[in-house]
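Asker: Be aware that the sequence shown starts at 259, since it is given in this note's numbering, and climbs by one per residue.
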Amino acid sequence: MPHLLDDEAYLRFLDDGYVVVEPESLDDGDHEFLWNRADALYERTRALKSRTAHLEILGDNLRASVPEIDRVLEDPAVAGAIESILDEGAFLHPHNFVHESLARDQPFHQDGNLPWNERGHYRSHRPDWLIFLYYPQAVTLENGPTEIVRCSQYWATDIERPDGTWRPGDPISGDSFAPEVLGGDDLAARDSALAESLDGLGIPDLERRLIEVPAGSVVIGNYDLIHRGSRTLPTSAARYMFKFYFARTREPTAPAWNNLAELAPLDAVREDLRPIVESNWAWSRGERMQRPLDSSARTAAQGELVAGGEHLKVASAYRLGMDTGEASLDALLGGLFDEAESTRRAAAYGLRLRCDEVGHALAEACMSDRVSVRRFAAFALGAAWSPGEVALLDRLESERDDLARSNAAYALGQLARSPSCDAHTILSCLLDRLVAGAEPDNTEVAGLSRSTVRQSAAYAVLQLASNHPLPPDARRRVSDLITIERDRYVVGMLAEAVATDSADREVIRALAARRWSA
Ligand SMILES: O=C(O)CCC(=O)C(=O)O
Numbered sequence: 259m260p261h262l263l264d265d266e267a268y269l270r271f272l273d274d275g276y277v278v279v280e281p282e283s284l285d286d287g288d289h290e291f292l293w294n295r296a297d298a299l300y301e302r303t304r305a306l307k308s309r310t311a312h313l314e315i316l317g318d319n320l321r322a323s324v325p326e327i328d329r330v331l332e333d334p335a336v337a338g339a340i341e342s343i344l345d346e347g348a349f350l351h352p353h354n355f356v357h358e359s360l361a362r363d364q365p366f367h368q369d370g371n372l373p374w375n376e377r378g379h380y381r382s383h384r385p386d387w388l389i390f391l392y393y394p395q396a397v398t399l400e401n402g403p404t405e406i407v408r409c410s411q412y413w414a415t416d417i418e419r420p421d422g423t424w425r426p427g428d429p430i431s432g433d434s435f436a437p438e439v440l441g442g443d444d445l446a447a448r449d450s451a452l453a454e455s456l457d458g459l460g461i462p463d464l465e466r467r468l469i470e471v472p473a474g475s476v477v478i479g480n481y482d483l484i485h486r487g488s489r490t491l492p493t494s495a496a497r498y499m500f501k502f503y504f505a506r507t508r509e510p511t512a513p514a515w516n517n518l519a520e521l522a523p524l525d526a527v528r529e530d531l532r533p534i535v536e537s538n539w540a541w542s543r544g545e546r547m548q549r550p551l552d553s554s555a556r557t558a559a560q561g562e563l564v565a566g567g568e569h570l571k572v573a574s575a576y577r578l579g580m581d582t583g584e585a586s587l588d589a590l591l592g593g594l595f596d597e598a599e600s601t602r603r604a605a606a607y608g609l610r611l612r613c614d615e616v617g618h619a620l621a622e623a624c625m626s627d628r629v630s631v632r633r634f635a636a637f638a639l640g641a642a643w644s645p646g647e648v649a650l651l652d653r654l655e656s657e658r659d660d661l662a663r664s665n666a667a668y669a670l671g672q673l674a675r676s677p678s679c680d681a682h683t684i685l686s687c688l689l690d691r692l693v694a695g696a697e698p699d700n701t702e703v704a705g706l707s708r709s710t711v712r713q714s715a716a717y718a719v720l721q722l723a724s725n726h727p728l729p730p731d732a733r734r735r736v737s738d739l740i741t742i743e744r745d746r747y748v749v750g751m752l753a754e755a756v757a758t759d760s761a762d763r764e765v766i767r768a769l770a771a772r773r774w775s776a
């Protein structure tokens, strides 16, 4: 039986952005065994001098090369925390990696929302995704703890380039940071470069936490938490960390954690995170939060949406999104067309809270001649109760920009969680994007040729199949696609999509453990 989080722990997840869980069913010997397995993978990588170890030895094959890792993933305390955050039926993404801490410092970053720091959609804010970090040894200040920026999961940096393309990864210092600094002998220079990079966010009172934990601990974090690997001291033994990703497949209709409080207890939450935490708490209970604003609060929120820093823009977008009047909607829609990417981005989050009321306007925005507006409008239409189906289907077929098309595919997946969507039409359009040649590969980051749009389409198929029965001909179509698809992540998500009953899921589990030879 999974052991669910209580209100206090769930609030910590929504506010701090992470919880630490101690597995109950493994002992020190098990964790030592897993440390040795991680060590052996690094030994093998060094012996082979492999240039593709990240794709074969250290990444993506962990459940095959270290099948015992499943005991951590399935531990009652660990599985209970995951279920509390993502509900039943959460999906283990096929990408994974075992990290070794290094003598150099890693810069602060948010993990790209597709493997190897690629981008398929805007960050969710809702508990839709989590990162799972398992440390088989104790982590101390000596052996390179992961450093986390508490509460940072709802903020982002701009990604658009002047030529209309976008930055795939999310280093916190943008494209401009000199990475040599973080490997140099001058530790003080490293520390000030790191501090400066965070100062560049312009967000006050950021709290940095070096995560020191006992052997065997698991950090379950919001996917979008800003973090980094900190340096290990020369005298220290290797510190390993197994990283996995999980995703939600169902829209919440009731709390999945051990919930007693109707409203989120906000007293200890940062002022600028309160609207977001409050809204997410209600969403996780299957409810929608409304908080009507008086006119002076509305005016203040309208001003901050446009002129505030990132933290203020996001907070005001949520305040306007939870308000009930037309004026707030107008402000958010205006924000979607603003010159500043950060305002367009924040406005999209506010609009997602009320996209049933602005479906028409968002559908029109999906046709804007400004590509950035189209990207954010498509993203904003992705909510289970959104009327955006037709506009998104059109974008999926006709949109030229890969990021807008990928956002449309992702949003269709979110919308396909709804029992009332036209599942048949959505599925058929998604599968059309997955046939050979429809979506050519558009990235080779990390030496793996793949398409960000196909990955978003496969995610959407999985969301749909988790909420609607797939008719036999659709199952056959998905299975046929699995046999021709070259992208391991697309294959993984499609295989999960056709695995509809517990017997199928056992087959998937067996295949994951045999991936080397399967
Ligand atoms: O090794 C660590 O502590 C963090 C590494 C990490 O999160 C990353 O590379 O994204």
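Think of the CB as a built atom: it goes at the ideal place given N, C-alpha and C, for glycine as much as any other residue.
Predicted model only: the values in this text are computed from it and were never measured.
In the segment 296–362, which residue ranges form an unbroken alpha helix (DSSP H) of at least 4 residues, counting only runs that do not cross its ends?
Answerer: 311–314, 320–323, 327–331, 334–344
Asker: Report back the beta-carbon spacing between F504 and F355 to the nearest angstrom; my notes put them in contact at under 8 angstroms.
Answerer: Counting from one through the sequence shown, the residue named residue 504 turns up at place 246. Counting from one through the sequence shown, the residue named residue 355 turns up at place 97. Wrong, their Cβ atoms sit about 14 angstroms apart, outside the cutoff.
Asker: Under DSSP, the alpha helix (DSSP H) around Y412 begins and ends at which residues?
Answerer: Taking the first residue of the sequence shown as 1, we reach residue 412 at position 154. Where Y412 is concerned, there is no enclosing alpha helix (DSSP H), given that its DSSP letter is neither H nor E.
Asker: Check whether the Cβ of P403 lies closer than 8 angstroms to any heavy atom of ligand 1, and answer yes or no.
Answerer: For the purposes of this step, residue 403 is identified with residue 145 of the sequence shown, where counting begins at 1. The answer is yes for P403.
Asker: Just to confirm the assignment: which complete beta strand (DSSP E) runs, minimum length 3, are found wholly within the segment 418–487?
Answerer: 465–468, 476–480, 485–487
Asker: How about L639 and L650: do their beta carbons lie closer than 9 angstroms?
Answerer: Working through the sequence shown from its first residue, we reach residue 639 at position 381. Working through the sequence shown from its first residue, we reach residue 650 at position 392. In contact: L639 and L650 (Cβ atoms closer than 9 angstroms).
Asker: What does DSSP give as the partner residue(s) for N516 in the beta ladder?
Answerer: On the sequence shown, residue 516 is found 258 positions in, with the first residue counted as 1. Note: N516 sits in a beta bridge opposite D264.
Asker: Closer than 6 angstroms by C-beta to E697: which residues in its own chain qualify, once you throw out the five before and the five after it? Chain order, please.
Answerer: On the sequence shown, position 439 is the one that residue 697 refers to. Here the set comprises R691, S709, V711, R712.
Asker: Please classify L320 as buried or exposed, where buried requires at least 16 other C-beta atoms within 10 Å of its C-beta.
Answerer: Residue numbering aside, residue 320 sits at position 62 when the sequence shown is read from its first letter. Buried.
Asker: Would you check whether ligand 1 has a heavy atom nearer than 8 angstroms to the C-beta of D731?
Answerer: Counted from its first residue, the sequence shown places residue 731 at position 473. False, no ligand heavy atom lies under 8 angstroms from that Cβ.
Asker: Using 8 angstroms as the cut-off, classify the Cβ of L391 as near or not near the heavy atoms of ligand 1, replying yes or no.
Answerer: In the sequence shown, counting from the first residue as 1, residue 391 sits at position 133. At least one heavy atom of ligand 1 is nearer than 8 angstroms to the Cβ of L391, so yes.
Asker: Leaving out five residues on either side along the sequence, give the residues of the same chain with a beta carbon under 7 angstroms from the beta carbon of P420.
Answerer: Along the sequence shown, read from residue 1 onward, the residue named residue 420 stands at position 162. Excluding residues within five positions, none has a Cβ falling inside 7 angstroms.
Asker: So, at 7 angstroms on beta carbons, what are the nonlocal neighbours of I740 in its own chain, with the 5 sequence-adjacent residues on each side left out?
Answerer: By 1-based counting over the sequence shown, the position of residue 740 is 482. Around I740: V749, L752, A753.
Asker: Rank D581, A558, L570 by C-alpha distance to the C-alpha of M547 and give the top, closest one.
Answerer: Reading the sequence shown from its first residue, position 289 is the one you call residue 547. M547 has its Cα closest to that of D581, out of D581, A558, L570.
Asker: Is the beta carbon of G474 within less than 8 angstroms of some heavy atom of ligand 1?
Answerer: On the sequence shown, residue 474 is found 216 positions in, with the first residue counted as 1. The answer is no for G474.
Asker: To which residues of the same chain is E562 closer than 6 angstroms at the C-beta, ignoring the five residues directly before and after it?
Answerer: The sequence position of residue 562 within the sequence shown is 304, counting from 1. The answer, listed in chain order, is L570, S574.
Asker: Do you know how far the Cα of I534 is from the Cα of G695?
Answerer: Stepping through the sequence shown from its first residue, residue 695 is reached at position 437. Stepping through the sequence shown from its first residue, residue 534 is reached at position 276. When rounded, the distance between both Cα atoms is 41 angstroms.
Asker: Just to check my reading of the structure: D463 and Q368 have Cβ atoms closer than 8 angstroms, yes? What is that Cβ distance to the nearest angstrom?
Answerer: Here residue 463 refers to the residue found at position 205 when the sequence shown is read from its first residue. Here residue 368 refers to the residue found at position 110 when the sequence shown is read from its first residue. Rounded, the Cβ-Cβ distance is 19 angstroms, inconsistent with contact.
Asker: Is it the case that the CB of D369 approaches a heavy atom of ligand 1 more closely than 8 angstroms?
Answerer: Locating residue 369 in the sequence shown gives position 111, where the first residue counts as 1. Flag set: Cβ of D369 near ligand 1.
Asker: Mind checking whether P645 and C624 have CB atoms under 9 angstroms apart?
Answerer: Here residue 645 is taken as the residue at index 387 of the sequence shown, counted from 1. Here residue 624 is taken as the residue at index 366 of the sequence shown, counted from 1. In this structure, C624 does not lie closer than 9 angstroms to P645 by Cβ.
Asker: Return yes when the C-beta of G422 is under 8 angstroms from any heavy atom of ligand 2, and no when it is not.
Answerer: Looking for ligand 2 in the displayed structure turns up nothing; the ligands present are ligand 1.
Asker: Using the three-state DSSP reduction, which class does A674 fall into: helix, strand or coil?
Answerer: One-based indexing of the sequence shown puts residue 674 at position 416. Reduced to three states, the DSSP call for A674 is coil.
Asker: Which of helix, strand or coil does DSSP assign to H383?
Answerer: Residue numbering aside, residue 383 sits at position 125 when the sequence shown is read from its first letter. If DSSP states are grouped into helix, strand and coil, H383 belongs with coil.
Asker: Among D288, L360, N371, which one has its Cα closest to the Cα of S714?
Answerer: For the purposes of this step, residue 714 is identified with residue 456 of the sequence shown, where counting begins at 1. Selected option, being the one with the closest Cα: N371.
Asker: From the DSSP secondary-structure annotation, give me the bridge partner or partners of F504.
Answerer: Walking along the sequence shown from the start, residue 504 turns up at place 246. DSSP, once it has assigned bridges, lists L350, L388 as partnering F504.
Asker: Do you know offhand how far A674's Cα is from V693's?
Answerer: Taking the sequence shown and counting its residues from 1, the one referred to as residue 674 is at position 416. Taking the sequence shown and counting its residues from 1, the one referred to as residue 693 is at position 435. Approximately 20 angstroms between the Cα atoms of the pair.
Asker: Just the C-alpha distance for V324 and S308, rounded to the nearest angstrom, thanks.
Answerer: As a working note, residue 324 is residue 66 in the sequence shown. As a working note, residue 308 is residue 50 in the sequence shown. A direct Cα-Cα distance of roughly 19 angstroms separates V324 from S308.
Asker: CA-CA distance, V397 and M259?
Answerer: Start at 1 with the first residue of the sequence shown, and residue 397 comes out as number 139. Start at 1 with the first residue of the sequence shown, and residue 259 comes out as number 1. Distance between the alpha carbons of V397 and M259: 28 angstroms.
Asker: Would you identify the three-state DSSP class for T783, choosing helix, strand or coil?
Answerer: Nothing in the structure corresponds to residue 783, since the chain is present only between 259 and 776.
Asker: What separation, rounded to the nearest whole angstrom, lies between the Cα atoms of E470 and T404?
Answerer: Taking the first residue of the sequence shown as position 1, residue 470 is located at position 212. Taking the first residue of the sequence shown as position 1, residue 404 is located at position 146. Answer to the nearest angstrom: the Cα atoms are 8 angstroms apart.
Asker: Which two residues bound the contiguous alpha helix (DSSP H) that contains Y607?
Answerer: To locate residue 607, count along the sequence shown from 1; it is residue 349. Taken as a continuous stretch (DSSP letters only), the alpha helix (DSSP H) holding Y607 covers 599–611.
Asker: Would a C-beta distance cut-off of 9 angstroms place A605 and G617 closer than the cut-off?
Answerer: Sequence index remark: in the sequence shown, residue 605 carries index 347 (1-based). Sequence index remark: in the sequence shown, residue 617 carries index 359 (1-based). Taking 9 angstroms as the Cβ cut-off, A605 and G617 do not qualify as a contacting pair.
Asker: Which residue from P492, S475, D297 puts its Cα closest to that of D443?
Answerer: Counting from 1 along the sequence shown, the entry for residue 443 is found at position 185. If we check each option's Cα against that of D443, P492 comes out closest.
Asker: Use the C-beta contact count for V648: other C-beta atoms within 10 angstroms, 16 or more gives buried, fewer gives exposed.
Answerer: The sequence position of residue 648 within the sequence shown is 390, counting from 1. So V648 counts as exposed.
Asker: Is it true that the segment 399–417 meets the segment 725–741, where meeting means three or more beta-carbon pairs spaced less than 8 angstroms apart?
Answerer: Under the Cβ criterion (8 angstroms, minimum of three pairs), the segment 399–417 does not count as touching the segment 725–741.
Asker: If you reduce the DSSP assignment to three classes, tell me which class L594 lands in.
Answerer: One-based indexing of the sequence shown puts residue 594 at position 336. Correct three-state label for L594: helix.
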